[in-house]
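**Student:**
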Amino acid sequence: MILSSKANAKINLFLRICGLLPEGYHRLYMLMQEISVGDDISIEFKSVNTNPEISIVSQADCPPEKDLCYKAAKAFYDKYSTLDASCKKELCDITITEVKNTPSQAGLGGGSSDAAVVLKLLNKFYDNPFAIEELIPMAVKLGADVPFFLYGGSCICEGIGEVITPVPSLKGLPLLLVKPQQGVPTGPCFKLSDEMENDFNEDYYKELMSVFSREDITSLEKIKLASKDMVNDLQAPALTLVPVIGEILGELNKTAPVFCAMSGSGSCVFAIYSSEQELHAAYEQMTKLIPDDYFIQECQTL
40 MILSSKANAK INLFLRICGL LPEGYHRLYM LMQEISVGDD ISIEFKSVNT
90 NPEISIVSQA DCPPEKDLCY KAAKAFYDKY STLDASCKKE LCDITITEVK
140 NTPSQAGLGG GSSDAAVVLK LLNKFYDNPF AIEELIPMAV KLGADVPFFL
190 YGGSCICEGI GEVITPVPSL KGLPLLLVKP QQGVPTGPCF KLSDEMENDF
240 NEDYYKELMS VFSREDITSL EKIKLASKDM VNDLQAPALT LVPVIGEILG
290 ELNKTAPVFC AMSGSGSCVF AIYSSEQELH AAYEQMTKLI PDDYFIQECQ
340 TL
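At position 194 of the sequence shown the residue is numbered 233 (our numbering), and the sequence of numbers has no breaks.
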């Protein structure tokens, strides 16, 4: 038997750093949004095995045991094996196949989305033994973005990414993605952000961003109302580390988007437009300017 799913990527419409936790993690406040770009994940369930084997088929050049999909499957099987034998299926060998469409080192959460899909597909195959709240502890150990992808859509994410609050859908916004070949190293980006002045009033900012909880206005109106205050605290350090991101932002802003910013820790930049026609015009303009080895993609929010 084979189960398959699209592993959609995400953008961060804003990302604020609220401080450091004792464990060294950064406490965050973010609006994460699922988008229509994504990888394709399938799991083939093979013979029953008391010590099930997990195999990975992927273009990624890394040992299988370091692959997030492998780690997700192992985490699921470790938890599932603790359940009472009378209420669970026998474990199977599995082969996970990853077809990568989301660029890496982009701030789009490609690997995290893949891992979340593995958790969801395994949960489905084994007759949903875990509620989503029970999958979150597994997910957060895999990465800060993984819990969001268990929900998808539009969500406020807090803590280290494990506190998820869905908000009314921002589905259907025309979106352009542009990513240079060079990625941003996440660790140095956060470290540099710690050295930059960040006068952040968390309560005040949350009040400003409450616009995304409203149901009486359109998605585009929400973006327009909030855009001047939507900040990614990792964008300034990322521009220091990879200056070409600033050049992309400059060129995209010439296409008159409603909003334009870097996603996550970069290096992908996104722009939101008022219409499909404006999106197409921006795409045509940008393809004439950027090198062939850049990733550029028209898509939409989901």
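Every residue gets a Cβ at the ideal spot worked out from N, C-alpha and C, and that includes glycine.
As the structure is a prediction and not an experimental result, all values here were calculated from the model.
(1) Do you know how far the Cα of M40 is from the Cα of E254?
(2) Quick check on Y190: does DSSP put it in helix, strand or coil?
(3) Note down, one range per segment and in chain order, each beta strand (DSSP E) of at least 3 residues found wholly within the region 95–124.
(4) Starting from the Cα of D79, find the closest Cα among F334, S151, G182 and give me that residue.
(5) Would you be able to state if there are at least three C-beta pairs under 8 Å between the region 80–100 and the region 201–212?
(6) For L278, I'd like the list of residues in its chain whose CB is within less than 7 Å of its CB, leaving aside the five on either flank, ordered along the chain.
(7) List, from N- to C-terminal side, the beta strand (DSSP E) runs of 3 residues or more that fit wholly inside the region 128–182.
(8) Which word fits G226, buried or exposed, when buried means at least 16 other C-beta atoms lie within 10 angstroms of its C-beta?
(9) Suppose you measure from the CA of K263 to the CA of L328; what does that come to, to the nearest Å?
(10) Is there a Cβ from chain C that is less than 8 Å from the Cβ of A99?
(11) Can at least three beta-carbon pairs, one atom from the region 303–311 and one from the region 216–233, be found at a separation below 8 Å?
(12) DSSP three-state call for G285: helix, strand or coil?
(13) State the start and end residues of the unbroken beta strand (DSSP E) segment that holds M40.
(14) Suppose you measure from the CA of E172 to the CA of F84; what does that come to, to the nearest Å?
(15) Determine the DSSP secondary structure at K327, reduced to helix, strand or coil.
(16) Going by other Cβ atoms of all chains shown within 10 Å of its Cβ, with 16 needed for buried, is S86 buried or exposed?
**Tutor:** Judging by the given coordinates:
(1) Taking the Cα positions, E254 is about 42 Å away from M40.
(2) Here Y190 sits in helix by DSSP.
(3) DSSP runs (the beta strand (DSSP E)) wholly in the region 95–124: none.
(4) D79 has its Cα closest to that of S151, out of F334, S151, G182.
(5) Judged by Cβ distances under 8 Å, the region 201–212 makes no contact with the region 80–100, as fewer than three pairs qualify.
(6) Spatial neighbours of L278 in its own chain (CB-CB distance under 7 Å, excluding positions within 5 residues in sequence) are listed in chain order as I284, G285.
(7) If we require 3 residues or more, the beta strand (DSSP E) runs fully inside the region 128–182 come out as 131–138.
(8) When all chains shown are included, G226 counts as exposed.
(9) The alpha-carbon atoms of K263 and L328 are separated by roughly 27 Å.
(10) You won't find chain C in this structure, because it holds only one protein chain.
(11) With a cut-off of 8 Å, the region 216–233 and the region 303–311 count as touching, because enough Cβ pairs lie within range.
(12) In the structure shown, the three-state DSSP call for G285 is helix.
(13) Per DSSP, M40 belongs to no beta strand (DSSP E) and is neither H nor E.
(14) F84 has its alpha-carbon roughly 25 Å from the corresponding atom of E172.
(15) It is coil, neither helix nor strand.
(16) S86 is exposed by the Cβ-count criterion.
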